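The next block holds one structure in the form of structure tokens; read it before the comments.
Numbering (our numbering), first residue to last: 453 to 1053.
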């Protein structure tokens, strides 16, 4: 024991090298050793702090986006309104996005809408609200144009792929002269979200929206450009099918395919057939004009267009001739065309001429009748998207049956059954051989898989609501687990250690103050109780470690090395006492040696 004490004696010299730091550490250690409740209080305070932190973390609301892509003016007004209502918020994306607690998003949006927020970066017809009384007509026209541009830009920004939009309008200039009139024109600049694109149908919708909102503006005079300078609108295209030929063809094919499958499913079963249809669509525009004439018609059925009569007389002007009576004043009858005049008429005309010649005068009468020509003029304009030809392929599975031994077999369809299926398919697709339609039906056995592909319903744990609930519950579980680990690994060992020390003090019948201040016990041969209070007891081996009789003052209980924590703690405290009060320790050791000599004698 003397050698051990001599080896530890240099420690005080090391402490004296830095007296201020050493004294502070000694004071803190002495305070902790002297007050057994202080470590428990510190541990309890730390435990409460950890519990409060975990509870606050678990109950922290989930923030969601209230508004995004806000302008600076709108963002400032919204933040001011949130602070006035004492609503917590967070800023992200450089201040362009505002996040609020998820359970208050909809209520806050309604409240902001009541305040007219966000107003958007485009000034609409609100510019017309606060106009001065003496504003000029030019300024009023400029404000109207700005308001119209802002309203159109706001409407475009409501589209999903559009982040920002600007509209420039060149209004039409009216003039009393037609040649001096200038039509309205418009240019649209779109700033799209990253990774987003506008389809051609959406671009056409924007073009028609702008052209319908501005007077005297046609769709051909609207230009749409994106932020990269790409021209999105194709001006001058007057076809409604531009850019949609493929989708239109696919829709036609799906329609015929659905007809075939719906017709054959009740007969063969949905899993026993597969149909594919290919449609050839003509997207060219064709205009035809035809003029047809009917053959010559008879005078009775033909429509008379005009009649021209010419009568000439030659001879003595004073001579009155002709047939006496009313016959002379009667107009001639219907005259037949020369090419169709009968021979009798010719003979009658010759007789009249002879008679006139005989009366010493010449009478000549010509009648020209014009008939309408029967003709038909047709102007046909074929629209784009005409169906030219259909090609269909249908695969039918074999029927399932059972052989004589009871095994499952596949039986091909008969010729009559295949003929029936072919006729049904022809009727469903509107088969036209003159158009060049083709149809192919194949009866073959389908390959069955042990694990057929099927669309399975999502499990309950894959639902978004369930996952959200699991996340919320997991936060509370983690908080509880953290509290439990803190108690088991930190707080509980501290409490048990203090209880062990207090129990050791009770068995030794001494206190910490006796260890430091009472020197009479050492002089009287009673140091064992004081050191027992310092090093503590081993609860499991109190009876086994006792030496001598029950009333012996030299009895000392050393903790076993299997309890390394208590053993190291006892050794450390003994060394500290030896450094602080070497005289008392030396006196105690001397008493031990004296007692050992007496026992040996």
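Beta carbons are placed, not taken as given, at the ideal position from N, Cα and C, and that holds for glycine. Computed from a predicted structure; not experimentally measured.
- Message: With DSSP as the reference, identify every bridge partner of residue 750, one or two as the case may be.
- Response: Looking at the DSSP assignment, residue 750 forms no beta bridge with any residue, so it has no partner.
- Message: For residue 917, report the span of its alpha helix (DSSP H) as first-last.
- Response: 916-938
- Query: Which of the three DSSP states, helix, strand or coil, is assigned to residue 569?
  - Reply: coil
- Item | residue 757 beta carbon less than 7 angstroms from that of residue 823 | yes
- Within the segment 696-738, note down every full alpha helix (DSSP H) run reaching 4 residues or more, in order along the chain. 697-720
- Query: Going straight from the alpha carbon of residue 514 to that of residue 926, what length do you get?
  - Reply: 14 angstroms
- Can you find at least 3 beta carbon pairs, one from the segment 677-686 and one from the segment 619-631, that sit closer than 8 angstroms? no
- Under the three-state reduction of DSSP, which class applies to residue 831: helix, strand or coil? strand
- CB contact flag (residue 417, residue 495, <7 angstroms): Outside the displayed range of the chain (453 to 1053) lies residue 417, so it cannot be described from this structure.
- Message: Distance check for residue 700 and residue 521, CA to CA, integer angstroms please.
- Response: 36 angstroms
- At 4 residues or longer, and completely inside the segment 586-651: list those alpha helix (DSSP H) runs for me, N to C. 589-609
- Message: Just to confirm my understanding: we take residue 667, look at its own chain, exclude 5 residues before and 5 after, and list those with CB closer than 6 angstroms. What are they?
- Response: none
- Query: Across which residues does DSSP place residue 742 in a beta bridge pair?
  - Reply: 830
- Query: Alpha carbon to alpha carbon, how far is residue 898 from residue 852?
  - Reply: 11 angstroms
- Query: Would a C-beta distance cut-off of 7 angstroms place residue 891 and residue 830 closer than the cut-off?
  - Reply: no
- Message: Using C-beta distances below 7 angstroms, list every residue in its chain close to residue 870, excluding the 5 sequence neighbours before and after it, in chain order.
- Response: 893 and 895
- Local conformation of residue 838 per DSSP, three classes: strand
- Query: Mapping DSSP to helix, strand and coil, what is residue 992?
  - Reply: With a pLDDT of only 38 at residue 992, under 50, the local geometry of the prediction cannot be trusted, and the value read off the model is given with reservation. Correct three-state label for residue 992: coil.
- Query: With distances taken from CA atoms, which of 536, 553 and 533 is nearest residue 542?
  - Reply: 553
- When DSSP labels each residue in this structure, what does residue 851 get in the three-state scheme? strand
- Query: DSSP state of residue 500, grouped into three classes?
  - Reply: helix
- Using 10 angstroms around the beta-carbon of residue 635, count the other beta-carbons present and answer buried if the total reaches 16, otherwise exposed. exposed
- Message: In whole angstroms, give me the CA-to-CA distance for residue 728 and residue 661.
- Response: 39 angstroms
- Message: Once DSSP output is grouped into helix, strand and coil, what is the label at residue 824?
- Response: coil
- When the Cα atoms are used, what is the spatial distance from residue 585 to residue 594? 16 angstroms
- Query: For residue 608 versus residue 614, is the C-beta spacing smaller than 7 angstroms?
  - Reply: yes
- Length of the line joining the Cα atoms of residue 718 and residue 889: 25 angstroms
- Item | Residues near residue 658 in its chain [Cβ-Cβ closer than 7 angstroms; skip 5 each side] | 608, 640 and 676
- Item | Given residue 863 as reference, the closest of 848, 873, 508 and 597 once Cα atoms are compared | 848
- Task: Note down the Cα distance separating residue 928 from residue 507, rounded to an integer number of angstroms.
- Result: 8 angstroms
- Using 10 angstroms around the beta-carbon of residue 605, count the other beta-carbons present and answer buried if the total reaches 16, otherwise exposed. buried
- Item | 7 angstroms CB neighbourhood of residue 938 in its chain, flanking five on each side removed | 499 and 502
- First and last residue of the alpha helix (DSSP H) that includes residue 534? 524-536
- Message: According to DSSP, is residue 1040 part of a helix, a strand, or is it coil?
- Response: helix
- Item | Distance between residue 942 and residue 648 (C-alpha atoms, nearest Å) | 54 angstroms
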